[in-house]
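Peer 1:
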Amino acid sequence: MYLTLSWRNLWRNKKRTLIAAASVFLAVLVAVVMRSMQIGSYAYMISSSVKFYTGYMQVQGNGYWENRSLNNSITLSEKQRAEIAQIPHVTSVVPRLEAFSLVSFGRVTKVAQVTGVDPATENNMTELKKRLVQGRYLTESPGGVLIAQGLADLLHVSVGDSVVLYGQGYHGVIAAAMLPVAGIVKFPIARMNNTMVFLTLTNAQDIYSTDGRITSLAVMLDDVRNQTDVFNALRSLVCDRYTLMTWEEMMPDLVQGIALDNASGLIMLIILYLVIAFGVFGTVMMMTTERAKEFGVLISVGMKRKRLIWVTTLETIFLAFLGAVSGAVVSLAVITYFHYHPIPITGSAASMFELLGVRPIFYFSTDPGLLINQALVVLLITLATALYPLFFIKRLQPVQAMHG
Amino acid sequence: MKKSYLFLSWLMVFLIIAPAWSQSPKEIVRKANDLLRGESSVSEGTLTVVKPTWTRQISTKMWMLEPDYALILVTAPAKEKGTVTLKRKNELWNWIPAVRRVIKIPPSMMLQPWMGSDFSNDDLVRQSSIVDDYEHKLTGEEEIGGYSCYKIELTPKPEAGVVWGKIIMWVSKQGYFELKTDFYDEDGTLIKTLIGSEIKTMGGRTLPTHWEMIAVNKPGHKTVLDYRSIKFNVPLEPSFFSLQNMKRVR
Amino acid sequence: MILSLAWKNIWRNKKRSLIIIVATALGLWGSLLSGAIWMGWGESMVDTAISRDLAHIQIHKPGYAQNKEIINYIPDGFQILKETQNLPGIAAVSGRTLVEGMAASPTSTFGVKIVGIVPAQAKTVTDIYKRLIEGEYFPDGGGRNPVVIGRKLADRLGLKLHSKIVLSFQDLDGSLNYAAGKIVGIYKTESSLFDQSNVFMRQADLFRLLNTKPLIHEIAIRAESARIMPQVYAAVKANYPQLAVHSWKELAPEVAYTSAAMEAFTYIFIGIILFALLFGITNTMLMAVIERFRELGVLIAVGMKKGRVFTMILLETILLSITGGVAGIVIGAISIVYLAHAGIDLTALASGMETFGASTVLRPFLPLDMYIALPIMIVITASLSAVLPAWKVIHIQPSEAIRTY
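Chains as they are written, first to last, in our numbering: chain B, 1499 to 1902; chain W, 20 to 269; chain S, 211 to 615.
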């Protein structure tokens, strides 16, 4: 009974209803877009950082993180690797063999991080091929190494020269090899640009006598929000035979940055809610005052205040749902659009992004959770504003209202 | 007359520096230390690295000219045979026959273990002197492995660049064998122990030929050095320790 | 005439007008404050990196970045140090002697960078002395070779305050030196990488151990403010073409990246708030116009031109928003100044994070040009939001309006 009455009331004055619903609708839209951009930009910051080298998580030998010795390397069978790759949300698994070694050319010798990689999967994850500034990418045969540009400059080596790798293999065996430089790669981070050497995994396993072992398996995900699921699945697969490291553990500075960032992001979200709440409240207040005369008439012709309160509250609830649901639907469309057509960043900020080799864009998250959360928050805010008509009707003086 | 004067002055000196006729603890440490070294030496031995899950043996031949020069040739296993490490003062060089290259070990690699052992490259060049960098104090006499020993406590001099808080050394009264050495940190925690045993006569000297370095806080880790032969005071010139010679030694 | 009419109209219905004014003020206050928080955070992150180590500008010998050997010191370093001190726009300079070496304890050894400083001078450029969690920053009579190291390195070496630490490094001839130092202070910054690899010593001690004449590898310069940094940078670069001069943006592109991202985000966020405001005002004004249909219909019926009614509504909206806007800016500025002074403690919000030094306390900051740009944007927003309600008015049929409402 109340339901039909308030539903009819709503459509009696379409303009008013639409305006009020629009304010809720816009509140949802703004909150969702804002949060989507916040979460999206963290995800983007994380994904562009982990894509650099570490991956979202790594499977390592126990103790490898503290003591980077080949003696802490691990064997992962084809089957195990396939099982990891099949965990839902895992997009790629990237095996590596890392060894600190000397690289020598002519009279110059430098310390380098020599990394054996599978050329194809490595390129899928880190886009190593794109970093080539000279020469060709890694292939199984002919073999050879990729040298980071800064290191190549220090060694005065160019494509076609042969460098000596010298270090320690598995169980302390001497590892030494002379390999041609296939290509030179450039990294935006100086630390990497001055130390990295890449060769094929099979080649590295041969030189370092590791016999099919790897030091780490980097795991890439479709989205950072699935990290916990994948981590748990991975944990149950490898049990405690191996160590699992997440990007949070491998890059603590980034975590602290994002944690603080998120904290100030939340403050802003609260401010946005305040603005939204006031906007919606304003509309509801205006709507209620406009109807003062109507309420006055209804009460004086004998309608009980309690009933009237019920009807108007239901009206507000209808309005809130109408706005929130339509807001959620439209904002889904908006953030999906921006997810696939991210907003480019221009100006001096863009050059900073490019310096790091990161595409200068604002990235939007399409996490359904955030959509529901934001719509719910706005819904609650709107329902809270329903208290205004409640008190308004309770205190209404019918006679005065009809004349004013 | 002249002779007796000389004798007298020597006596005076001794009376001043050594309050009693007994040897100073420093002298005991010096003798134990000198027993293992000569002006020069050529030795052959086996280095065994013991880790909880694996062991590894390297046979070496070593030429030394105190204090600045050393050359170590790996004679086994086959894969590493012919590899040479050359120490000249503070510099380390490696000859790697597999790639026919001489490589100078840069300072940043000094911490890497030498040949996978518990010794780092840095240990090979580090020149802290157990005689000069410490104050020595005789604290008692104890029996180790059937030998009656002096127990000497070594405390580093304040400016000396040594990490230990103190070292306790047991040196046999007969023959000055360094039978046991404990290394402590500043809090008095035992960090590692060096044990010498299997006393044999080699190259005209009687000395311990089996040495074990045991890391106390890492169970299952030790490095063992066995001498097969050692010759002292062989004629060696600094020119022997050259980059060219690294490629030639056998 | 219309202006005063519009102004009078605004105060005729105080409740309605107040709602719009408060909404606008609140929105603007919110966007100002949150923009300032965002900016302040970006700034504090940059500040943290700058005052930990980077400073604004660094001078090296060309090639030092690639080859950090002790022989790559700045020729006439002390002369240049003295000259830069007197350059305009430079607040402080600090000369650093940098030696790559190793730090050893009985249990372990790690590669470190030994930084030789003059404590009084270093204090003016970086704030490591404020980050001590144990001990003191080179106290008088600190004994022989006092050393200040990071928490992380102390942990990895198993060393404590007053422990002995053995440092080894190559001198100019390439021979290795071993020196025992005494830990007089332990610091902790946000970056564990920095904490584990930087060991501080007094320059005088280092020169004595190296047995060398005084030499420096790095001159760290702090400009009087971040804003004039680019000019100072250009000036220093022009003054010393023979040396490698770098700004912190070049030295730490990842920090510059994050701060640039945040700044860009600030503008976007303010955009979003203004957008929300635009629709908020439009909605409320539309509601108000609908409520006033009868009144406006009467006005038109008695002969007021539609164009004038349009202008009146437009002016009403703009005046309302500007009143709200000015109020918002004033409250915003006051709260920013207050919070910048008091600081916002983020430790509670940033849960699960290690508590660390100054940067969890956020100091909002908004560049002056934003205070100018925002009112302009408000006027634009207000004018835009006024168009739709005013447009509605033009289409009023007076007879219908008077009858229906």
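We put the CB at the ideal spot given by N, CA and C, even for glycine.
Look at the alpha carbon of F1729/B and the alpha carbon of L403/S, and state the distance between them as a whole number of angstroms.
Peer 2: For the purposes of this step, residue 1729/B is taken as the residue at position 231 of the first sequence. For the purposes of this step, residue 403/S is taken as the residue at position 193 of the third sequence. Going from the Cα of F1729/B to the Cα of L403/S covers about 26 angstroms.
Peer 1: Please compile the residues from chain B whose C-beta is within a distance smaller than 7 angstroms of the C-beta of M128/W.
Peer 2: Within the second sequence, residue 128/W is the residue found at index 109, counting from 1. Within 7 angstroms Cβ-Cβ: L1600, V1609.
Peer 1: Please report how far the alpha carbon of S43/W lies from the alpha carbon of L157/W, in whole angstroms.
Peer 2: Counting from 1 along the second sequence, the entry for residue 43/W is found at position 24. Counting from 1 along the second sequence, the entry for residue 157/W is found at position 138. So the alpha carbons of these two residues sit roughly 8 angstroms apart.
Peer 1: Assuming S60/W and V268/W are in contact, meaning their beta carbons sit under 8 angstroms apart, how far apart are those beta carbons, in whole angstroms?
Peer 2: On the second sequence, position 41 is the one that residue 60/W refers to. On the second sequence, position 249 is the one that residue 268/W refers to. About 15 angstroms separates the two Cβ atoms, so there is no contact after all.
Peer 1: Do I523/S and V603/S have their CB atoms nearer than 9 angstroms?
Peer 2: Counting from one through the third sequence, the residue named residue 523/S turns up at place 313. Counting from one through the third sequence, the residue named residue 603/S turns up at place 393. Yes.
Peer 1: Could you give the C-beta distance for G1665/B and V1612/B, rounded to a whole number, given that I count them as a contact under 8 angstroms?
Peer 2: Locating residue 1665/B in the first sequence gives position 167, where the first residue counts as 1. Locating residue 1612/B in the first sequence gives position 114, where the first residue counts as 1. Correct: roughly 7 angstroms between the Cβ atoms.
Peer 1: So, under 8 angstroms CB-CB, T1502/B and L1508/B are touching, yes? Tell me the CB distance rounded to an integer number of Å.
Peer 2: Taking the first sequence and counting its residues from 1, one reaches residue 1502/B at position 4. Taking the first sequence and counting its residues from 1, one reaches residue 1508/B at position 10. With 8 angstroms as the limit, T1502/B and L1508/B do not qualify as a contact, their Cβ atoms being about 11 angstroms apart.
Peer 1: Leaving aside the five residues before and after L1626/B along the sequence, list all residues of the same chain whose C-beta is less than 6 angstroms from its C-beta, in chain order.
Peer 2: Position 128 of the first sequence, counted from the start, is the residue given in the question as residue 1626/B. Excluding residues within five positions, the ones whose Cβ falls inside 6 angstroms are E1620.
Peer 1: Strictly by DSSP, which residues pair up with K170/W?
Peer 2: Within the second sequence, the letter at position 151 stands for residue 170/W. Answer is G159/W, W189/W.
Peer 1: Excluding five sequence neighbours on each side, which residues of the same chain lie with their C-beta closer than 8 angstroms to the C-beta of L1699/B?
Peer 2: Counted from its first residue, the first sequence places residue 1699/B at position 201. These residues qualify, in order along the chain: P1593, R1594, L1595, G1614, V1615, D1616, I1712.
Peer 1: For chain W, check one thing: does any of its Cβ atoms lie closer than 9 angstroms to the Cβ of A1646/B?
Peer 2: For this step, residue 1646/B is matched to residue 148 along the first sequence. Not an interface residue.
Peer 1: Cβ closer than 7 angstroms: which chain W residues qualify as neighbours of A1675/B?
Peer 2: Counted from its first residue, the first sequence places residue 1675/B at position 177. The contacting residues are V118.
Peer 1: Going by alpha carbons, who is nearest to S1521/B out of S1849/B, T1637/B, K1549/B, M1783/B?
Peer 2: By one-based count along the first sequence, residue 1521/B stands at place 23. S1521/B has its Cα closest to that of M1783/B, out of S1849/B, T1637/B, K1549/B, M1783/B.
Peer 1: Going by C-alpha to C-alpha distance, which of Q1584/B, L1881/B, A1650/B sits closest to F1685/B?
Peer 2: Within the first sequence, numbered from 1, the residue matching residue 1685/B stands at position 187. Looking at the Cα atoms, A1650/B is the closest of the given residues.
Peer 1: Which two residues bound the contiguous beta strand (DSSP E) that contains R412/S?
Peer 2: Numbered from its first residue, the third sequence carries residue 412/S at position 202. 408 to 412 is the span of the beta strand (DSSP E), which, as asked, contains R412/S.
Peer 1: How many whole angstroms separate the CB atoms of T1624/B and K1549/B, which I take to be in contact at a CB cut-off of 8 angstroms?
Peer 2: To locate residue 1624/B, count along the first sequence from 1; it is residue 126. To locate residue 1549/B, count along the first sequence from 1; it is residue 51. With a Cβ gap of about 6 angstroms, T1624/B and K1549/B count as contacting.
Peer 1: What's the C-alpha gap between L1812/B and F485/S?
Peer 2: Position 314 of the first sequence, counted from the first residue, corresponds to residue 1812/B. Position 275 of the third sequence, counted from the first residue, corresponds to residue 485/S. Taking the straight line from one Cα to the other gives about 29 angstroms.
Peer 1: Using alpha carbons as the reference points, say which of R1566/B, E1788/B, I1843/B lies closest to N1511/B.
Peer 2: As a first step, residue 1511/B must be located in the first sequence, where it is residue number 13. Closest option to N1511/B, Cα to Cα, is E1788/B.
Peer 1: Tell whether a beta-carbon distance below 9 angstroms holds between S593/S and F489/S.
Peer 2: In the third sequence, residue 593/S corresponds to position 383, counting from 1. In the third sequence, residue 489/S corresponds to position 279, counting from 1. Not closer than 9 angstroms, so no.
Peer 1: Check the C-beta distance from S1571/B over to Y1668/B and give it rounded, since I have them as a contact under 8 angstroms.
Peer 2: Translated into the one-based positions of the first sequence, residue 1571/B becomes position 73. Translated into the one-based positions of the first sequence, residue 1668/B becomes position 170. About 7 angstroms separates the two Cβ atoms, so the contact holds.
Peer 1: To which residues of the same chain is L242/S closer than 6 angstroms at the C-beta, ignoring the five residues directly before and after it?
Peer 2: Taking the first residue of the third sequence as position 1, residue 242/S is located at position 32. So the list reads G542, once near-sequence residues are dropped.
Peer 1: Counting C-beta neighbours from all protein chains within 10 Å, is the total for H266/S 16 or more, i.e. buried, or is it exposed?
Peer 2: Along the third sequence, one-based indexing puts residue 266/S at 56. Answer is buried; the Cβ neighbour count reaches 16.
Peer 1: State the Cα-Cα distance for the pair M472/S and A1680/B, rounded to the nearest angstrom.
Peer 2: Position 262 of the third sequence, counting from 1, holds the residue named residue 472/S. Position 182 of the first sequence, counting from 1, holds the residue named residue 1680/B. The alpha-carbon atoms of M472/S and A1680/B are separated by roughly 39 angstroms.
Peer 1: Where does Q1647/B fall in DSSP's three states?
Peer 2: By one-based count along the first sequence, residue 1647/B stands at place 149. Q1647/B falls in the helix class under three-state DSSP.
Peer 1: Near A1882/B, which residues of its chain fall below 8 angstroms by C-beta distance, leaving aside the five closest residues on each side in sequence?
Peer 2: For the purposes of this step, residue 1882/B is taken as the residue at position 384 of the first sequence. These residues qualify, in order along the chain: A1775.
Peer 1: Please report the distance separating the alpha-carbon of Q1898/B from that of G1794/B.
Peer 2: In the first sequence, the residue the question calls residue 1898/B occupies position 400. In the first sequence, the residue the question calls residue 1794/B occupies position 296. Distance between the alpha carbons of Q1898/B and G1794/B is about 8 angstroms.
Peer 1: Taking the alpha-carbon positions, what's the I1843/B to T1864/B distance?
Peer 2: For the purposes of this step, residue 1843/B is taken as the residue at position 345 of the first sequence. For the purposes of this step, residue 1864/B is taken as the residue at position 366 of the first sequence. Answer to the nearest angstrom: the Cα atoms are 20 angstroms apart.
Peer 1: Does any residue of chain B bring its CB to less than 9 angstroms from the CB of G207/W?
Peer 2: The count along the second sequence starts at 1 and reaches residue 207/W at position 188. False, the Cβ-Cβ gap to chain B never drops below 9 angstroms.
Peer 1: Taking the alpha-carbon of E154/W as reference, which of S148/W, L173/W, E161/W has the nearest alpha-carbon?
Peer 2: Residue mapping note: residue 154/W aligns to position 135 of the second sequence, counting from 1. Selected option, being the one with the closest Cα: L173/W.
Peer 1: Less than 9 angstroms between the C-beta atoms of V48/W and V150/W, yes or no?
Peer 2: If you number the second sequence from 1, residue 48/W lands on position 29. If you number the second sequence from 1, residue 150/W lands on position 131. A contact, by the Cβ cut-off of 9 angstroms.
Peer 1: Among residues of its own chain, excluding the 5 on either side of T591/S, which ones have a beta-carbon nearer than 8 angstroms to its beta-carbon?
Peer 2: Within the third sequence, residue 591/S is the residue found at index 381, counting from 1. L484, L487, L488, I491, S531.
Peer 1: Across which residues does DSSP place G1559/B in a beta bridge pair?
Peer 2: Sequence index remark: in the first sequence, residue 1559/B carries index 61 (1-based). Note: G1559/B sits in a beta bridge opposite Y1740/B.
Peer 1: If the criterion is Cβ atoms closer than 9 angstroms, does the pair S318/S and G368/S meet it?
Peer 2: Residue numbering aside, residue 318/S sits at position 108 when the third sequence is read from its first letter. Residue numbering aside, residue 368/S sits at position 158 when the third sequence is read from its first letter. Yes.
Peer 1: Taking only three categories from DSSP, how would you classify G360/S?
Peer 2: In the third sequence, counting from the first residue as 1, residue 360/S sits at position 150. Strand.
Peer 1: Who are the Cβ neighbours of G1538/B in its own chain at under 6 angstroms, not counting the five residues just before and after it?
Peer 2: In the first sequence, residue 1538/B corresponds to position 40, counting from 1. These residues qualify, in order along the chain: Y1861, F1862, S1863.
Peer 1: With a cut-off of 9 angstroms, does the C-beta of N421/S fall near any C-beta of chain B?
Peer 2: What you label residue 421/S is simply residue 211 of the third sequence in a count that begins at 1. Judged by the 9 angstroms Cβ criterion, N421/S is not in contact with chain B.
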